[in-house]
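Take the sequence shown: its letter number 22 is residue 446 in this note's numbering, and every next letter is one higher. Below is one structure; the comments refer to it alone.
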Amino acid sequence: MIHTISVLVENQFGVLARVSGLFSARGYNIESLCVGTTDDPTVSRMTVVVLGDDRVLAQIVNQLKKLVEVIDVIDLTKESFVERELIMIKLEVKGARRTELLEIAQIFRAKVCDVSANSVTVEATGSEGKLKAFIDMVRPFGIIELARSGRIAVARATQ
Numbered sequence: 425m426i427h428t429i430s431v432l433v434e435n436q437f438g439v440l441a442r443v444s445g446l447f448s449a450r451g452y453n454i455e456s457l458c459v460g461t462t463d464d465p466t467v468s469r470m471t472v473v474v475l476g477d478d479r480v481l482a483q484i485v486n487q488l489k490k491l492v493e494v495i496d497v498i499d500l501t502k503e504s505f506v507e508r509e510l511i512m513i514k515l516e517v518k519g520a521r522r523t524e525l526l527e528i529a530q531i532f533r534a535k536v537c538d539v540s541a542n543s544v545t546v547e548a549t550g551s552e553g554k555l556k557a558f559i560d561m562v563r564p565f566g567i568i569e570l571a572r573s574g575r576i577a578v579a580r581a582t583q
């Protein structure tokens, strides 16, 4: 099962290594890991996506909660949540094919970030499925470079 875990931590040196170490020590490969400061610069949010069974993952969540620097841990998998990912993709595009690429980008609400004589760099945000569909649509242009942010997620507001 895919688990999306949100971890609020103190923004300190070495916390990322300690948190990710708990997953690797249990033999879990982290599929996606995003970390950034919150509205409070002393607190960071880590969004960790892993594949694994519920029982072992529950142990990891309990061990995370015991770390001094960890403020809160939420397994979003069991809740309703909103997720997004960012990709930047540089494509080989010349001449008249630019119009075709721009039409595809518009359909996916992607934005052009950079243009050169032989390439166009586009950024797109959305769910993993949307981004996979976008990549599949633009692959025929020729992917020069692709970078992904990894998934970020927050729980949906309760009424």
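Virtual Cβ for every residue (Gly too), placed ideally from N, Cα, C. None of these values were measured; they are calculated from a predicted model.
Length of the line joining the Cα atoms of residue i and residue j
i: residue 533; j: residue 442; result: 37 angstroms
i: residue 515; j: residue 535; result: 13 angstroms
i: residue 429; j: residue 546; result: 29 angstroms
i: residue 471; j: residue 505; result: 12 angstroms
i: residue 480; j: residue 543; result: 46 angstroms
i: residue 467; j: residue 493; result: 10 angstroms
i: residue 462; j: residue 433; result: 10 angstroms
Delimiting residues of the beta strand (DSSP E) encompassing residue i
i: residue 550; result: 543-550
Exposed unless 16 or more other CB atoms sit within 10 angstroms - verdict on residue i
i: residue 575; result: buried
i: residue 581; result: exposed
i: residue 509; result: buried
Residues of its chain near residue i, where Cβ-Cβ distance is below 7 angstroms and the 5 sequence neighbours each way are ignored
i: residue 497; result: 429, 431, 485, 488 and 489
i: residue 567; result: 513 and 515
Spatial neighbours of residue i in its chain, beta-carbon cut-off 6 angstroms, leaving aside the 5 residues before and after
i: residue 572; result: 511
i: residue 476; result: 452
Residue range of the unbroken alpha helix (DSSP H) whose run includes residue i
i: residue 521; result: 521-531
i: residue 490; result: 478-490
Neighbour flag for residue i against chain C, beta carbons, 8 angstroms
i: residue 494; result: Reference to chain C is not applicable here, since this structure consists of a single protein chain.
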